[in-house]
Ligand SMILES: *[C@@H]1O[C@H](CO)[C@@H](O)[C@H](O)[C@H]1NC(C)=O
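Numbering (mature numbering (1 follows the signal peptide of the UniProt record, and there is no 0)), first residue to last: -18 to -1, 1 to 396.
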């Protein structure tokens, strides 16, 4: 009896977890999900009135060709028809708890739903008809993003913005790279005041143009296909497009290429051995999309290159030879990131840990727990954000050791 009473009182005393409210973009013609339904976002205002906003890109991978996208159009990653009126907020960098997330806890939070198949980049004017299933696919991610920003400025007080944080994880982390300058420039062109701005892409620095362990360019071929199918030329970083031959424009759909041209402050949160990249880039095997029913995913995420079924799914299972691929991948990751112009510029940096995880930056425990050089990810983000915009402020980067050749993880906070 006593126990039951205390459980009940606990239920009542626990603060109601903040809920975000749905906004359908049904007044914006052409801001449509893959299936033609309206794009959408969720919003939760901070408890105390503020003009600070954080925009979060939802993740969820990509679809890689017409059949794959037709399949995706039937679920939440391709259609808004089943979106609930409220959802819970993400954690970590999006948390409203100031102990977890001192930099952004008191911001108004916006969660941009991902339903376009290609990281808010597609800009196809026509539709793609799928005979077998009689579907018409819409590739309109660029216009969804434009509608979100327009709506926030017109109807949700963002015309008064003083601080603007852009973030998102996985495919949403890639979106954060691709659109960081676009979002800044769009908002800047619509409001009269200056505002503080910066992007924290989480687990979005995918080495998409790198070969797998069998020297096959599986991921780059997949991204080339969706880039072309979704007509994403105007939806990716325009500085990249202008400086790239047209046959390589698809590379502007990847973070390492986009980062070369990003001008706004950026603080990259990522694992040098991301668990999604391990299975879906490093050990990825091409999928037969005509026969997706038999799509086998032995590593748990993607089709695995022969011999790497266990290693791709968990690097702790790699044998003595395979671990060289892991260490080499991590080396490429760190070199590629730290040698890129956009990373080395003023007010920009990174927090890179070797933990075999994905999206740790949106998880409270990892965000407040993973530590590099004695500093947690949460504190590193806060240090960056507080210094960001101050003339002469030096952003410190945090780069942890990579895996050892005996496949032991060098970072005890993982
Ligand atoms: C593709 O995008 C370009 C802009 O990059 C636009 O001019 C063209 O009309 C679009 N094509 C289609 C078929 O939507």
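Backbone N, C-alpha and C fix where the C-beta goes; we use that ideal spot for every residue, glycine too.
- Linking residue 249 to residue 344 through their CA atoms gives a straight-line distance of about 14 Å.
- Cβ contact annotation for residue 173 (same chain, cutoff 6 Å, sequence separation greater than five): 141, in chain order.
- In this structure, 162 is the residue among 162, 32 and 190 with its C-alpha nearest to the C-alpha of residue 245.
- For residue 135, the enclosing alpha helix (DSSP H) has its first and last residue at 123 to 137.
- For ligand 1, the residues with a Cβ under 7 Å from any of its heavy atoms are, in chain order, 105, 106, 107, 108, 213, 215 and 216.
- Per DSSP, residue 253 is one residue of the beta strand (DSSP E) stretching across 249 to 253.
- It is roughly 7 Å from the alpha-carbon of residue 238 to the alpha-carbon of residue 318.
- When only Cα atoms are considered, residue 71 and residue 285 end up about 32 Å apart.
- Judged by their CB atoms, residue 127 and residue 89 are not nearer to each other than the 7 Å cut-off.
- A direct Cα-to-Cα measurement between residue 182 and residue 232 gives close to 23 Å.
- Residue 38 is bridged by DSSP to 93 and 149.
- For the beta strand (DSSP E) assignment, the uninterrupted runs of no fewer than 3 residues enclosed by the stretch 147 to 219 are, from N- to C-terminal side, 178 to 184.
- Rounded to whole angstroms, the separation of the alpha carbons of residue 375 and residue 73 is 28 Å.
- Closest by C-alpha distance to residue 262, out of 198, 82, 65 and 212, is 198.
- Here residue 28 is actually not in contact with residue 20; their C-beta atoms are around 26 Å apart, not less than 8 Å.
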